[in-house]
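Structure, as structure tokens:
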Amino acid sequence: MAVQLQKIAPADIEAESFRIIEREIGDHSFDPITFKVVQRVIHATGDFSFAENMRISPGAVAAGIEAIRSGKNILTDVNMVAAGITKALLGKWGGKVICNVADPEIAAVAKKEGRTRSEVAIDMSLDENIGIVAMGNAPTALVQTIRCLAERKYASPPLVVGVPVGFVNAAESKAMLVEENSCYITS
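Note that this note's numbering gives residue 184 to position 178 of the sequence shown, counting from 1, and the numbers run on in steps of one.
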């Protein structure tokens, strides 16, 4: 066999990955807490370009940490994002993950109103003690989040993590997030 694998203890694999990321990025302007987020995104994607193209508003990471520690919930637009959140850790602080995209009532309302299920699920779930809104699929859900936050005038608006997929309104919805929201993480 020509391929040579590193010999490394299972418990050391993640730490070694983070050392590689830190070495490859080198000098950067991220504060330590923001760098940990960027590092985690690069680790998850294998894509170093996130070091250049992530947009994180000042105080966004701290707001997300505070939301979790305050027992706030995380609202997602798709079950895949919900599956990636460590519920035991979130539950330790009193929060839970909410994703209602598969709810039959949401589907019925979406069909009746000609909207996406993700968009309706966000609209109907945003007031459930939400501290973080994590959009990983639907640009329509991200746009609905931005609109709801503007209309409902939250005293302490949630952190919005907006990384919708696709080519229809994904880039536009992320640009809208940066322009119209003060607490965000996007790319």
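Here a beta-carbon is modelled for each residue, glycine too, at the ideal position from N, C-alpha and C.
The C-beta of alanine 147 has 16 or more other C-beta atoms within 10 Å across all chains shown, which makes the residue buried. When the beta-carbon positions are compared, methionine 130 and aspartate 83 stay at least 8 Å from each other. With a 10 Å radius around the Cβ and a threshold of 16 neighbouring Cβ atoms, glycine 70 comes out buried. Under the three-state reduction of DSSP output, methionine 141 falls in the strand class.
Counting the other CB atoms within 10 Å of its CB gives glycine 137 a total of 16 or more, which places it among the buried residues. Rounded to the nearest whole angstrom, the CA to CA distance from isoleucine 128 to histidine 34 is 35 Å. Out of Val174, Glu134, Asn143, Val9, the CA that lies nearest to the CA of proline 164 is found in Glu134. For arginine 25, the closest C-alpha among the options Glu125, Ile91, Gln45 is that of Gln45. Under DSSP, glycine 168 forms a beta bridge with Met141, Thr192.
Lysine 159 counts as exposed, since fewer than 16 other C-beta atoms from the protein chains shown sit within 10 angstroms of its C-beta. Excluding residues up to 5 positions away in sequence, Val67 lie with their Cβ nearer than 6 Å to the Cβ of valine 43 in the same chain. In the assembly as shown, glutamine 150 is a buried residue. Its beta-carbon has 16 or more other beta-carbons within 10 Å. In the three-state DSSP reduction, valine 103 falls in the strand class (E or B). Boundaries of the alpha helix (DSSP H) harbouring isoleucine 19: 19-31, taken from the DSSP string. When secondary structure is reduced to three states using DSSP, leucine 148 falls in the helix class. For a cut-off of 8 Å, the C-beta gap from isoleucine 27 to isoleucine 48 is around 5 Å, short enough to register as a contact. Between the alpha carbons of cysteine 189 and valine 167 lies a gap of roughly 9 Å. DSSP, read as helix, strand or coil, puts isoleucine 91 in coil. DSSP places threonine 82 within a strand segment (E or B) once states are collapsed to three.
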